[in-house]
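Trainee:
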Amino acid sequence: MIYRYDGASDRCPVPLVQTRLLLKKMDKTDSCIVILKDSGSTRDIPKYLTEKGYYFTSTSHDDGCVELHITIGK
1 MIYRYDGASD RCPVPLVQTR LLLKKMDKTD SCIVILKDSG STRDIPKYLT EKGYYFTSTS
61 HDDGCVELHI TIGK
């Protein structure tokens, strides 16, 4: 299953809280796409994911949004 959260219009700490809730639902075969724009969230969420051992890729878009693709493992 692919979970999605568009947090482009949300400010910290809402995106982190919503991302953590989605991560709790994920199984090993699931993935999650998170879209962020808030500078605090674009800094804090990748740091959180790294600390917790999640694998993710980050893509920056011209509109200032950052898109994270998150999985449990590589």
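With UniProt numbering, letter number 15 in the sequence shown gets 15, and the count goes up by one each step, no holes.
The beta carbon of each residue, even a glycine, is placed where N, CA and C say it ideally should be.
1. Hey, how far is the Cα of I33 from the Cα of Y5?
2. Within the same chain, show all residues whose beta-carbon is closer than 7 Å to that of L22, passing over the 5 residues directly before and after it, in chain order.
3. Just to confirm the assignment: which complete alpha helix (DSSP H) runs, minimum length 4, are found wholly within the stretch 4 to 73?
4. Nearest to R20 by CA position, among K52, D62, R43 and T59, is which residue?
5. Would you tell me roughly how many angstroms separate the C-alpha atoms of T42 and V66, rounded to the nearest one?
6. Cutting at 6 Å between CB atoms, please list the residues of its own chain near T71, excluding the five before and the five after it.
7. Could you give the distance in angstroms between the alpha-carbon of K29 and the alpha-carbon of D63?
Mentor: By the coordinates alone:
1. About 6 Å.
2. Same-chain partners within the cutoff: Y3, Y5 and C32.
3. Every alpha helix (DSSP H) stretch that sits fully inside the stretch 4 to 73 and reaches 4 residues is listed by chain position as 14 to 25 and 39 to 52.
4. Distance check between R20 and each of K52, D62, R43 and T59 places K52 closest, using alpha-carbon atoms only.
5. Distance between the alpha carbons of T42 and V66: 7 Å.
6. Cβ neighbours of T71 beyond the five flanking positions: S31 and Y55.
7. It is Thr, not Lys, that sits at residue 29 in the sequence shown. Their backbone Cα atoms lie some 30 Å apart in a straight line.
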